[in-house]
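This report refers to the structure that appears directly beneath it.
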Amino acid sequence: MNETAISILNKVKYTYLFLPLLLLALIASYLYVYDAWSAEHYVSIQKEAFTYFNLRLSKFPGLMYNLTQLGDALIILSLCTALIIYAPKIWECLIWASLISALLCSPFKWLFKIPRPAAILEKDSFVIIGKVYIGNNSLPSGHAITVFTVLTVLLWALMPKNMTKRITWITLIIGMGSLFSLSRVGVGAHHLLDVLIGSIIGYISGISGILINRNLPLWAWIGNKKYYPFFITLFIICSVIVMRKIWYDNLPVFYFSLISLFITTYIITRNYVKK
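Heads up: the sequence shown begins at -12 in our numbering, then just goes up one per residue.
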């Protein structure tokens, strides 16, 4: 599996960044044409779209609240821990991609200072599920960035060779990413453009992580069993954090992450002992 992933990831090109960068340029142009570079106008031009999606998605509060947790790096990456054993090359790219996404997210939030929906819209005009966010850090959506960063690496690393399967796989990943990201609108935490822009930045982060790892493979030691004790310790710590989340919010998605951590920790421990 690792060799297959390496072969596919080596085919990723710098030109794959052109389309997302073009989309960002088009969005920026759209905002400029409609004089929406100010926070107030940025919110007003998409208020109707935000309300439309929020009121419809919020009809499924349990689903939205679970899906939005996948924007937490700990939760979504915990679901991918088995790949450290079977395809460590994917994790090498994930680490780079995650670092890039973190570097891109905070500066943009600081630069744009867009107020959250709860900070600028009438409280009775939309639905809030879970925590109420009232800061001026709405753009871009960090959850959308995280989701598409991880899914972009998986998209290319696990890309099927058969064209029909490839189209199905791409559709599935984009559909999942869109649903997970739109859950941020469903819970009332982000404006629609926050999510769209965050998703594009996430894709850019994923592709960049793949390209950087090819030229700077700092994490090649991940697949070495000698370092398994580090991952055993790390996964135990992550398991404790997830269990703490379960204590406060007893959500099914947390159990999936916890089970993934338990299984991977068991397999890694067994393989290390056998060594």
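The beta-carbon is built from N, C-alpha and C at its ideal position, and this holds for glycine as well.
The alpha carbon of CYS80 has as its nearest neighbour, out of TYR242, LEU248 and ILE(-7), the alpha carbon of ILE(-7). Restricting attention to HIS28, LEU57, THR136 and LYS96, the CA atom closest to the CA of PHE241 is found in LEU57. When Cβ pairs closer than 8 Å are counted between the two stretches, the stretch 103 to 112 is seen not to touch the stretch 65 to 79, the count staying below three.
For the options ASP181, TRP156 and PHE113, the alpha carbon positioned closest to that of ARG43 is the one of PHE113. DSSP, reduced to helix, strand and coil, places VAL140 within a helical segment of the structure shown.
Take ILE72, set aside five residues on each side of it, and the residues of its chain with a beta-carbon closer than 8 Å to its own are THR251, ILE254, ILE255 and ASN258, in chain order. LYS213 sits in a helix when the DSSP states are folded into three classes. When only Cα atoms are considered, GLY193 and PHE135 end up about 7 Å apart. When C-alpha distances from ALA176 are compared across GLY122, SER247 and TRP97, the shortest belongs to GLY122. Nearest to LEU248 by alpha-carbon distance, out of LEU142, TYR235 and SER226, is SER226. Collapsing the DSSP output to three states places HIS28 in a helix. In the three-state scheme derived from DSSP, where H, G and I count as helix and E and B as strand, SER128 is classed as coil. Where THR155 is concerned, the enclosing alpha helix (DSSP H) starts and stops at 150 to 173.
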